[in-house]
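Novice:
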Amino acid sequence: MNIHTKGPWEARQSVRGYWFIEHQQGGEAYTLTKLDCSEADSRLIASAPKMLAALEGLLEYLHEYDLDYPEAASIFDNARAVITEATGEQS
Numbered sequence: 000m001n002i003h004t005k006g007p008w009e010a011r012q013s014v015r016g017y018w019f020i021e022h023q024q025g026g027e028a029y030t031l032t033k034l035d036c037s038e039a040d041s042r043l044i045a046s047a048p049k050m051l052a053a054l055e056g057l058l059e060y061l062h063e064y065d066l067d068y069p070e071a072a073s074i075f076d077n078a079r080a081v082i083t084e085a086t087g088e089q090s
């Protein structure tokens, strides 16, 4: 499994208009990447750790329920595929 930088991440704009994704650790801000994209894209990228945690938590919670209908299986398969892609895990 690939290890990513844990959140929270924040999107910040430089004075030159570039967007940065930063991570706070030990009172210091570390730049994860510099982006040449829109504010909306930057905020979406910055929210990735929260979205991954939410999706993993939701799947874990719903695993307790027997949702026996075709739409549920497809939704769960898609969610698992996204988690696999995001984490670099092998299915």
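Here numbering that gives the first Met the number 0 is used: position 53 in the sequence shown is 52, and no number is missing along the way.
Glycine is no exception: its CB is placed at the ideal position from the N, C-alpha and C atoms.
For clarity, every value in this text was computed on a predicted model and none was experimentally measured.
I'd like to know whether the C-beta atoms of D35 and W18 end up nearer to each other than 9 Å.
Specialist: Residue numbering aside, residue 35 sits at position 36 when the sequence shown is read from its first letter. Residue numbering aside, residue 18 sits at position 19 when the sequence shown is read from its first letter. Yes. Within cutoff.
Novice: Which residue wins for smallest C-alpha separation from A85, given the options G25, A39, S46, K33?
Specialist: Translated into positions along the sequence shown, residue 85 becomes position 86. When only C-alpha atoms are compared, the closest one is S46.
Novice: What separation, rounded to the nearest whole angstrom, lies between the Cα atoms of Y64 and R15?
Specialist: Along the sequence shown, read from residue 1 onward, the residue named residue 64 stands at position 65. Along the sequence shown, read from residue 1 onward, the residue named residue 15 stands at position 16. C-alpha separation (whole angstroms): 50 Å.
Novice: Span of the alpha helix (DSSP H) holding I82?
Specialist: Looking up residue 82 in the sequence shown gives position 83. For I82, the enclosing alpha helix (DSSP H) covers residues 69-86.
Novice: Considering only DSSP beta bridges, list what S60 is partnered with.
Specialist: Locating residue 60 in the sequence shown gives position 61, where the first residue counts as 1. Before going further, note that residue 60 is Tyr rather than Ser in the sequence given. DSSP output for Y60 lists no bridge partner at all.
Novice: With a cut-off of 8 Å on the beta carbons, I'd call S41 and I20 a contact; round off their distance for me.
Specialist: Residue mapping note: residue 41 aligns to position 42 of the sequence shown, counting from 1. Residue mapping note: residue 20 aligns to position 21 of the sequence shown, counting from 1. About 7 Å separates the beta carbon of S41 from that of I20, a gap short enough to meet the 8 Å contact definition.
Novice: Between the Cα of I74 and the Cα atoms of A39, T30, L58, which residue gives the shortest distance?
Specialist: For this step, residue 74 is matched to residue 75 along the sequence shown. Of A39, T30, L58, the residue nearest in Cα terms is L58.
Novice: Closest by CA to K101, which one among S13, G26, A39?
Specialist: Lying outside 0 to 90, the shown extent of the chain, residue 101 is not represented and no answer is given.
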